[in-house]
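The sequence shown runs contiguously to residue 743 in the working numbering. Everything below concerns the one structure shown next.
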Amino acid sequence: MAIRVNGVLIPEQAVLAELKRLIDYYAQHLSRAELGQQMDVLVKRAKEHAVGTRLLLDEVKRRHVDVADADVDAALAAMVKKAGGDTAFAALLDKQRLSRDQLRASIRAGKQLDQLIARLTSNEPEPTDDELKSYYEEHPERYAAPDQVQLRHILIKPAGDSEQDRAACRSRLEGLKRQLEEGDDFAELAATYSECPSGKEAGGSLGWVPRGTTVPEFDRVVFDMEVGEISTAAETALGMHLVEKLDEDQGEPLPFAQVRERIRDLLVHERRGKAITRFVEKLRQVAVIDEDDEDQQEPDLDQLLEPDGPSSQGA
Numbered sequence: 429m430a431i432r433v434n435g436v437l438i439p440e441q442a443v444l445a446e447l448k449r450l451i452d453y454y455a456q457h458l459s460r461a462e463l464g465q466q467m468d469v470l471v472k473r474a475k476e477h478a479v480g481t482r483l484l485l486d487e488v489k490r491r492h493v494d495v496a497d498a499d500v501d502a503a504l505a506a507m508v509k510k511a512g513g514d515t516a517f518a519a520l521l522d523k524q525r526l527s528r529d530q531l532r533a534s535i536r537a538g539k540q541l542d543q544l545i546a547r548l549t550s551n552e553p554e555p556t557d558d559e560l561k562s563y564y565e566e567h568p569e570r571y572a573a574p575d576q577v578q579l580r581h582i583l584i585k586p587a588g589d590s591e592q593d594r595a596a597c598r599s600r601l602e603g604l605k606r607q608l609e610e611g612d613d614f615a616e617l618a619a620t621y622s623e624c625p626s627g628k629e630a631g632g633s634l635g636w637v638p639r640g641t642t643v644p645e646f647d648r649v650v651f652d653m654e655v656g657e658i659s660t661a662a663e664t665a666l667g668m669h670l671v672e673k674l675d676e677d678q679g680e681p682l683p684f685a686q687v688r689e690r691i692r693d694l695l696v697h698e699r700r701g702k703a704i705t706r707f708v709e710k711l712r713q714v715a716v717i718d719e720d721d722e723d724q725q726e727p728d729l730d731q732l733l734e735p736d737g738p739s740s741q742g743a
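And the structure:
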């Protein structure tokens, strides 16, 4: 996804960093499924943000926005501490192919952008309580406790990747299911046969599992089951599972007071974002922007949702 702004190439990594920031933010408000459905929109917005960042960095230079070395040093020291010390931090930098000087420059650029954005959005009004309540009432599905199910399972891993190995694994689980139907104790079978630590530690119990917190194929099985039902062999990347659904709980709306600050943060973020968008649009009108989407691959949502190493704003 080669993008040039006024002849300057924006690295693909800068676009992916913008995409990850968007996903991390909206993951607080949208389910994993909703994020997946919105991926095209988020990718487009990430590109717009990367272009906007480049234009804003040019504006930083034009306005001579400065950041004290002490502020950069403090931010870098906080990253080192969070990473677990100099050795661990150096390993993270090596993994990301970054030098300390490059990271310092990125931190400085991010802080310069923060200062510029603070100036540009300083007159934006705070959302009122009425606006917060209206948003809460208009989006009840976003502010409810997730559906959850109470489960226990027996996990068996196929000996290999062949269909014969998988068939043998399914056959073992079907045999265990017959034993359960004939009255054998689930906890005892889990302790004896399950290859998940929950087998020996808790009789196979997984406790209460909220929707969206397991892999999609497992989610689909357990949320479609009836309470008291024992599944056929459910296959995931971890192996094959025999699952008993013990109970379920439909998600209830969270009280407004509990989510008020989350909604406020979202509306402030969107309001300030619109102000920056208006400003960047003026910069775009006099900029030369070229984009080549040839051979572009769809980003991996699972990978983007994983925590990563040191990062900062900037491009």
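Backbone N, C-alpha and C fix where the C-beta goes; we use that ideal spot for every residue, glycine too. Computed from a prediction, not measured in an experiment: that's the story for all the values here.
Report all residues from its chain with a CB closer than 7 Å to the CB of Ala474; omit the five preceding and five following residues, and keep chain order.
Val443, Glu446, Leu447, Leu450
Less than 8 Å between the beta carbons of Gln576 and Asp677, yes or no?
yes
Assign Ala743 to buried or exposed, taking buried as 16 or more other Cβ atoms, counted over all protein chains shown, within 10 Å of its Cβ.
Its pLDDT being 37, under 50, Ala743 is placed unreliably in this model, and the coordinates cannot settle the point.
For Gly632, which residues in the same chain have their Cβ closer than 7 Å to its Cβ, ignoring the five residues on either side in sequence?
By the criterion of a C-beta distance shorter than 7 Å, Gly632 is surrounded in its chain by Arg580, His581, Ile582, Phe614, Ala615, Ala618, Ser622, Ser626, once the five residues flanking it on both sides are discounted.
What distance in whole Å lies between the Cβ atoms of Leu601 and Ile658, which are believed to be in contact at a cut-off of 8 Å?
About 10 Å; that fails the 8 Å criterion.
Which same chain residues, not among the five before or five after Ser459, have their C-beta less than 7 Å away from its C-beta?
Gly640
From Arg594 to Val671, what distance separates their C-alpha atoms?
17 Å
Identify the continuous alpha helix (DSSP H) that holds Pro503 and give its terminal residues.
Note on residue identity: the sequence assigns Ala, not Pro, to residue 503. Start and end: 497-511.
Let me check understanding here. Comparing Cα to Cα, which of Val696, Gly588, Ala461, Leu437 lies closest to Pro574?
Taking the Cα of Pro574 as reference, the smallest distance to any Cα among Val696, Gly588, Ala461, Leu437 is reached at Ala461.
Below 8 Å on the Cβ atoms is my guess for Val708 versus Gly480; work out the distance and round it to an integer in Å.
4 Å
Could you pull out every residue in the same chain whose Cβ sits closer than 7 Å to the Cβ of Ile691, ignoring the five residues on either side in sequence?
Leu560, Tyr563, Tyr564
Which residue's Cα is closest to the Cα of Gln686: Val650, Pro439, Arg570?
Arg570
Reference Ala430, options Glu476, Leu470, Gln456, closest by Cα
Glu476
Run of the alpha helix (DSSP H) containing Arg627, from where it starts to where it stops
Arg is not the amino acid found at residue 627; the sequence shown has Gly there. Residues 625-630.
Continuous alpha helix (DSSP H) stretch holding Glu616: start and end
614-621
If you drop the 5 nearest sequence neighbours on each side, which residues of the same chain put their C-beta closer than 6 Å to that of Arg432?
In the same chain as Arg432, and ignoring 5 residues on each side of it, the C-beta atoms closer than 6 Å to its own belong to Asp718, in chain order.
In chain order, what residues of the same chain have a beta carbon less than 8 Å from the beta carbon of Leu682, not counting five sequence neighbours either side?
Tyr571, Ala572, Ala573
Just the C-alpha distance for Gly512 and Lys710, rounded to the nearest angstrom, thanks.
43 Å
Since Gln578 is in the beta strand (DSSP E), which residue starts that stretch and which ends it?
576-584
With a cut-off of 8 Å, do at least 3 Cβ pairs link the region 583-593 to the region 648-657?
Too few Cβ pairs lie closer than 8 Å, so no.
Hey, quick one: how far does the beta strand (DSSP E) through Ser633 stretch, first residue to last?
633-638
With distances taken from CA atoms, which of Gln592, Ala665, Arg547, Glu552 is nearest Lys702?
Glu552
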